[in-house]
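Quick notes on the structure that follows.
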Amino acid sequence: MNTLSNVNTRRGEPHPPTPDLSSVSSPENQSLLAGVSVKYALHPDKYWYVLRVTYNRVSRAYDILRKAGLEVYLPMHYVQKIIQDKKKRVLEPLLPNIIFVYATPESITSVVKKPSHHSFINFYLNHFKQDEYGKNPPLTVGYNDMMNFINLTSVDNEHVRVVEPERCHYKSGDVVRVTDGDFKGVTGRVARVSGQQRVVVELEGLCLVATAYVPSGFLMKIE
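According to full-length UniProt numbering, the sequence shown is numbered sequentially starting from 1.
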């Protein structure tokens with residue numbers, strides 16, 4: 001099944017993205033980030049896979065994966081855009097052309113390798129590892145790391161952003177947990193990004209994502 005029954009409407013909890021990405025800026029969709037949450041139960045045979053989708057086909061890929069019974073997470077965020085001379089708050093994918101799927105190796109491979117899908121849905125490869133045949137395997141994210149990433153990216157805050165390593169000025173190598181505020185529970189490293197103190201979460205081999213400003217009083221060092 002692709003969603004679980006224990007849902008709620010707490011802001012900042014994991015949320016199912018809309019498959020209709022063409023209409024997410026409409027008023028009726030403005031509450032998506034504060035909407036129904038999804039709990040991804042730990043399963044011994046499942047992994048979090050990273051998939052790369054060709055441009056402008058995220059909606060189609062999302063529908064295919066969900067119809068296949070897979071658990072899917074598509075991180076979204078709001079951005080300010082000028083549309084017809086008016087400033088509008090538009091919901092867009094945080095990581096363009098990237099979808100995360102929690103699945104067994106067999107179930108995800110059967111979907112990705114299907115001839116009708118292979119032209120636009122592919123595994124994002126781990127370029128830092130090689131399998132027994134000397135090829136790069138699909139990139140996977142550890143369960144706890146993914147839950148931490150979901151905790152961060154499901155917060156409705158326009159200042160959550162993907163950042164380049166050179167833009168992160170780390171204060172130390174300490175790992176911290178946010179103890180209060182919108183990002184409560186998020187763990188990462190403290191850094192100055194765009195002149196503000198933030199907590200940076202890394203998905204190794206894929207991206208760095210920073211919170212909005214977090215005051216020092218909301219941070220607890222993890223030993």
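Every residue, glycine too, gets a C-beta built ideally from N, C-alpha and C.
Contact belief for residue i with residue j at Cβ below 8 Å, rounded distance in angstroms
i           : j           : result
residue 151 : residue 186 : 5 Å
residue 68  : residue 157 : Actually they do not touch by this definition, with Cβ atoms about 32 Å apart.
CB contact flag (residue i, residue j, <8 Å)
i           : j           : result
residue 101 : residue 64  : no
residue 129 : residue 136 : yes
residue 206 : residue 139 : yes
residue 45  : residue 104 : yes
residue 214 : residue 197 : yes
residue 176 : residue 147 : no
residue 50  : residue 98  : yes
residue 225 : residue 74  : Limits of the chain in this structure are 1 at one end and 223 at the other, which puts residue 225 out of reach.
residue 66  : residue 78  : no
Alpha carbon of residue i to alpha carbon of residue j, nearest angstrom
i           : j           : result
residue 194 : residue 132 : 42 Å
residue 106 : residue 200 : 33 Å
residue 21  : residue 93  : Its pLDDT being 48, under 50, residue 21 is placed unreliably in this model, and the coordinates cannot settle the point.
residue 203 : residue 96  : 15 Å
residue 191 : residue 166 : 11 Å
residue 40  : residue 47  : 11 Å
residue 217 : residue 188 : 15 Å
residue 174 : residue 114 : 44 Å
residue 155 : residue 178 : 13 Å
residue 182 : residue 134 : 43 Å
residue 120 : residue 82  : 30 Å
residue 28  : residue 53  : Below a pLDDT of 50, predicted positions are generally treated as unreliable, and residue 28, at 33, falls in that range; the measurement from the model is reported next regardless. Whole-angstrom Cα-Cα distance: 27 Å.
residue 127 : residue 180 : 36 Å
residue 222 : residue 118 : 42 Å
residue 43  : residue 171 : 36 Å
residue 76  : residue 87  : 19 Å
residue 161 : residue 60  : 25 Å
Per DSSP, cross-strand counterpart(s) of residue i
i           : result
residue 211 : Residue 211 is not bridged to any residue.
residue 219 : 178
residue 203 : 207
residue 188 : 176
Exercise for review: Return the chain-ordered ranges of every alpha helix (DSSP H) run that is complete within the stretch 35-102 and spans a minimum of 4 residues.
Suggested key: Runs of the alpha helix (DSSP H) lying entirely within the stretch 35-102, each at least 4 residues long, are 58-67 in chain order.
Exercise for review: Kindly provide the ranges of any beta strand (DSSP E) runs that are 3 or more residues long and lie completely inside the stretch 91-178, ordered along the chain.
Suggested key: 98-103, 121-123, 161-163, 169-178
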